[in-house]
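Asks:
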Amino acid sequence: MIASISGEVIHKDLESMVIEAAGVGYLLSVSTYTLESTPSVGARAVLHTEMVVREDAMQLFGFDTVEERALFKQLTTVNGVGPKVALAVLSSMSVADAETALLTGDHGRFQKVPGIGKRTAERLVLELRDKIVPSGAPAVSRSTVQDESFAVALEALLELGYSLARAEDMLAGVAGDTAEDLVSSALRGVAV
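See below:
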């Protein structure tokens, strides 16, 4: 498995780029965001990669950030969303925007992506909503959670594998002065 490529950018077009590393030119399919954030031809670049192997082809995809690669991998787990459609999502919106659309159930945002219809957009939200933890920021926004103990408790439940919606439900109505008290109360409520 090729996890990353580092080398000189020798070609860029609207959907791909070629990076030469150790005398080999690697053709990478990339999103618009990655294309815009990588250096120009002749400069050195480092891209995180994902190789997709099928019966009839091997294709290498490049990403500017590990978060973009992680979202690409999650998107391709959804039935009806192949690598090209996942890349179209990442070209149509930033990782943060896609995560927000998934968390808020914004089907319409995904329907604007070429290759995604209403059913696929609904399936994306349904299957990925509980698996998404916003990248580049804490899983809990301080603007939406005033109580620090509640935020820490919510983070702990997310680390235990509960979805955001489930963790919030578990903490609703429980009392405690510390995050530990809140988590204990929430877990006791599940066991009952």
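The working numbering applies: residue 4 is where the sequence shown begins, and numbers increase by one.
All C-beta atoms, glycine included, are put in the ideal place defined by N, C-alpha and C.
Note down, in chain order, each residue of its chain lying with its Cβ closer than 8 Å to the Cβ of residue 47, except the 5 sequence neighbours on either side.
Replies: Once the five neighbours on either side are set aside, the close Cβ partners of residue 47 are 9, 10, 11 and 12.
Asks: I'd like to check one pair, residue 5 with residue 54: are the Cβ atoms closer than 8 Å?
Replies: For the 8 Å CB-CB criterion, residue 54 and residue 5 form a contact.
Asks: Per the DSSP calculation, residue 14 is bridged to which residue(s)?
Replies: 21
Asks: Are the CB atoms of residue 127 and residue 105 within a distance shorter than 8 Å?
Replies: yes
Asks: Between 164, 183 and 188, which has its C-alpha nearest residue 175's C-alpha?
Replies: Looking at the Cα atoms, 188 is the closest of the given residues.
Asks: Measuring straight from C-alpha to C-alpha, what distance separates residue 27 and residue 173?
Replies: Approximately 53 Å between the Cα atoms of the pair.
Asks: So, using beta-carbon positions, are residue 97 and residue 36 closer together than 8 Å?
Replies: yes
Asks: Specify the secondary structure class of residue 61 as computed by DSSP and reduced to three states.
Replies: strand
Asks: Tell me the rounded alpha-carbon separation between residue 3 and residue 134.
Replies: It is not possible to answer for residue 3, since the shown part of the chain is limited to 4 through 195.
Asks: Quick one: measure Cβ to Cβ for residue 124 and residue 110, integer angstroms, because I've assumed they're closer than 8 Å.
Replies: 4 Å
Asks: With a CB to CB cut of under 6 Å and the five nearest residues on each side skipped, what residues in its chain are close to residue 84?
Replies: 78
Asks: Quick check on the burial criterion: 16 or more other C-beta atoms within 10 angstroms. Buried or exposed for residue 61?
Replies: exposed
Asks: Can you tell me which of the three DSSP states residue 54 falls into?
Replies: In the structure shown, residue 54 sits in a strand (DSSP, three-state: E or B).
Asks: Which of the three DSSP states is assigned to residue 38 in this structure?
Replies: helix
Asks: I'd like to confirm something about residue 171: is its beta-carbon nearer than 7 Å to some heavy atom of the ligand COA, or not?
Replies: Only the bare structure without any ligand can be found here, which leaves the ligand COA out of the picture.
Asks: Expressed to the nearest angstrom, what Euclidean distance is found between the alpha-carbon atoms of residue 192 and residue 183?
Replies: 14 Å
Asks: Looking only at its chain, what residues have a beta carbon closer than 7 Å to the beta carbon of residue 147, apart from the 5 residues adjacent to it on each side?
Replies: Interpretation of residue 147 is limited by its pLDDT of 34, a score under 50 that renders its predicted location unreliable; no figure is taken from the coordinates.
Asks: Compare the Cα-Cα distances from residue 17 to each of 69, 63, 94 and 131 and report the closest residue.
Replies: 94
Asks: What's the call for residue 59, buried or exposed, on a 16-neighbour Cβ count within 10 Å?
Replies: Within a 10 Å sphere around the beta-carbon of residue 59 sit fewer than 16 other beta-carbons, which makes this residue exposed.
Asks: Nearest-angstrom Cα distance between residue 32 and residue 80?
Replies: Going from the Cα of residue 32 to the Cα of residue 80 covers about 18 Å.
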